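Novice: Residue numbers for the sequence shown follow our numbering, so the first one is 152 and each next one is one higher. Glycine is no exception: its CB is placed at the ideal position from the N, C-alpha and C atoms. Computed from a predicted model, the values in this text were never measured in an experiment. Here you go, one structure.
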Amino acid sequence: MHFSARTQSIFRGSLIAGAMGAIFVADTLTNYEVAAAVLYAVVVLSAERALKPRALRALGIACIGMTVLSFVLTPRGHYHTGLINMGLSAAAIAMVTWLVLRMQRARAAAQAAQARLERIARAQNLSGLTTSIAHEVNQPLAAIVTSGHAGQRWLAQDPPQIDKARQALQRMLGDAERAGSIIARVRSLTRGEPPQASRFDLNASVREIVALSQGRLEDEDIDLQLHLPADLPAAWADAVQVQQVIGNLLLNALDAMPAAREARREVHIGTAREGDALVFTIRDSGIGLAPEVQAHLFDAFWTTKPQGIGIGLSISRTIVEANGGRIWAEPGAGLGAVFRFSLPMASQEKHS
Ligand code: ADP
């Protein structure tokens with residue numbers, strides 16, 4: 152026979168309440184010498200699966216309260232023995248509640264570890280990864296096909312529109328290069344190749360990535376503000392890898408935006424020089440970083456998103472550190488999250 156979750160929880164709740172009532176009556180009506188209150192510990196233990204931690208704690212406290220009340224109401228018996236029995240019962244209930252809460256926490260940790268393992272297994276057969284790579288590469292491929300058809304049409308005209316056809320070819324070459332660099336980037340990441348450091352303009356890299364996300368920013372009505380000082384010195388790192396990190400952080404910021412349209416939907420991106428390093432900062436007005444999220448942010452295969460893979464930030468950290476920088480996160484002041492990373496500044500002598 153099948154009961155709905157609601158029926159089951161009502162059933163369990165009444166069982167718990169019934170058992171507590173019976174123990175209370177037995178504890179109050181019997182002499183002080185009969186420590187019926189110890190049985191409350193069994194109630195707490197059996198409620199472990201049904202209740203959330205807060206409710207369990209409340210149940211433990213209620214049981215201790217009822218033990219004390221029974222003691223006050225019990226009319227007969229040896230008072231001192233009753234006092235000791237009450238103390239023992241209360242201690243037993245408190246201890247069992249504490250143990251049960253720890254048990255619950257351990258089970259939750261085990262479940263989280265299992266979910267993470269499942270994701271690792273999923274990514275190991277590469278389905279998740281290939282889907283996202285295919286998605287990225289597909290866009291330039293589709294653009295190449297479109298430009299190819301356009302080129303054919305320009306050439307088939309009488310007289311052939313050579314200039315237009317040349318422009319279409321130019322677009323095809325650009326898109327083919329983009330597809331190639333995406334594949335190269337993925338290959339170098341999975342092989343863990345050392346970064347190819349060169350001098351580059353971090354602000355220009357930011358602008359390029361932002362331009363790629365323009366469609367999503369407009370669709371989702373997100374206000375993006377850039378603070379890119381014109382006198383920022385050049386960076387010394389692998390420009391393609393750094394762009395991947397910026398892209399990851401930007402996508403995460405967009406994913407974290409609140410669903411409600413009327414909520415504040417802002418992302419600030421800034422760059423600055425700090426000593427001998429350049430620091431990139433991205434601040435969002437999203438859901439923010441709860442302590443349990445912050446503890447795992449950079450762990451591989453750790454995600455809170457239903458479709459997430461949980462490798463964006465761990466890859467970002469590998470990249471930033473391989474390029475001689477550091478990456479870290481902070482809760483935003485008020486709302487949202489802040490992610491920062493540093494990179495070495497190119498010295499005067501360094502040339503690519
Ligand atoms: P994925 O995006 O696939 O989940 P990431 O490694 O990029 O993988 O991110 C891991 C987790 O970190 C996310 O699932 C999310 O819980 C959290 N996170 C990352 N960026 C933000 C952010 N800007 N605001 C809130 N949470 C974030």
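Residue range of the alpha helix (DSSP H) that residue 359 falls in?
Specialist: Residue 359 -> alpha helix (DSSP H) spans 353–363.
Novice: With a 10 Å radius around its C-beta and 16 neighbouring C-beta atoms as the bar for buried, classify residue 162 as buried or exposed.
Specialist: Under this definition residue 162 is an exposed residue.
Novice: I want to check one thing, is the minimum distance from the CB of residue 393 to the heavy atoms of the ligand ADP below 7 Å?
Specialist: No, the beta carbon of residue 393 sits no closer than 7 Å to any heavy atom of the ligand ADP.
Novice: Tell me which same chain residues have a C-beta within less than 8 Å of the C-beta of residue 432, skipping the five on either side of it?
Specialist: So the list reads 419, 420, 421, 422, 423, 489, 490, 491, once near-sequence residues are dropped.
Novice: Taking residue 406 as part of the alpha helix (DSSP H), name the residues at either end of that continuous run.
Specialist: Looking at the DSSP string, the run of the alpha helix (DSSP H) that includes residue 406 is 390–406.
Novice: Check residue 428 in the structure and name its three-state DSSP category.
Specialist: Here residue 428 sits in strand by DSSP.
Novice: Distance, Cα to Cα, residue 387 vs residue 498?
Specialist: Each residue's alpha carbon lies about 8 Å from the other.
Novice: Measure the C-alpha to C-alpha separation of residue 459 and residue 451 and round it to an integer number of angstroms.
Specialist: Each residue's alpha carbon lies about 11 Å from the other.
Novice: I need the DSSP call for residue 498, collapsed to helix, strand or coil.
Specialist: Residue 498: coil per DSSP, three-state reduction.
Novice: Taking all protein chains shown into account, decide if residue 291 is buried (16 or more other Cβ within 10 angstroms of its Cβ) or exposed.
Specialist: Buried is the call here.
Novice: Using C-beta distances below 6 Å, list every residue in its chain close to residue 192, excluding the 5 sequence neighbours before and after it, in chain order.
Specialist: Once the five neighbours on either side are set aside, the close Cβ partners of residue 192 are 243, 244, 247.
Novice: Between the C-alpha atoms of residue 190 and residue 232, what's the straight-line distance to the nearest angstrom?
Specialist: When rounded, the distance between both Cα atoms is 18 Å.
Novice: When DSSP labels each residue in this structure, what does residue 462 get in the three-state scheme?
Specialist: Reduced to three states, the DSSP call for residue 462 is coil.
Novice: When the Cα of residue 373 is compared with those of 175, 455, 402, which residue comes out closest?
Specialist: The option with the nearest alpha carbon to residue 373 is 402.
Novice: State the DSSP-derived secondary structure class of residue 413, mapped to helix, strand or coil.
Specialist: Here residue 413 sits in coil by DSSP.
Novice: Between which two residues does the alpha helix (DSSP H) containing residue 443 stretch?
Specialist: Residue 443 -> alpha helix (DSSP H) spans 442–445.
Novice: Can you tell me the Cα-Cα spacing of residue 331 and residue 293, whole angstroms?
Specialist: If I take the Cα positions, the gap works out to 14 Å.
Novice: Cutting at 6 Å between CB atoms, please list the residues of its own chain near residue 240, excluding the five before and the five after it.
Specialist: So the qualifying residues of the chain are 186, 188, 189, 218.
Novice: Do you know how far the Cα of residue 317 is from the Cα of residue 389?
Specialist: For residue 389 and residue 317, the distance between alpha carbons rounds to 32 Å.
Novice: Does the ligand ADP have a heavy atom nearer than 7 Å to the CB of residue 485?
Specialist: Because no heavy atom of the ligand ADP lies under 7 Å away, the Cβ of residue 485 does not count as near it: no.
Novice: Cα separation between residue 298 and residue 319?
Specialist: So the alpha carbons of these two residues sit roughly 5 Å apart.
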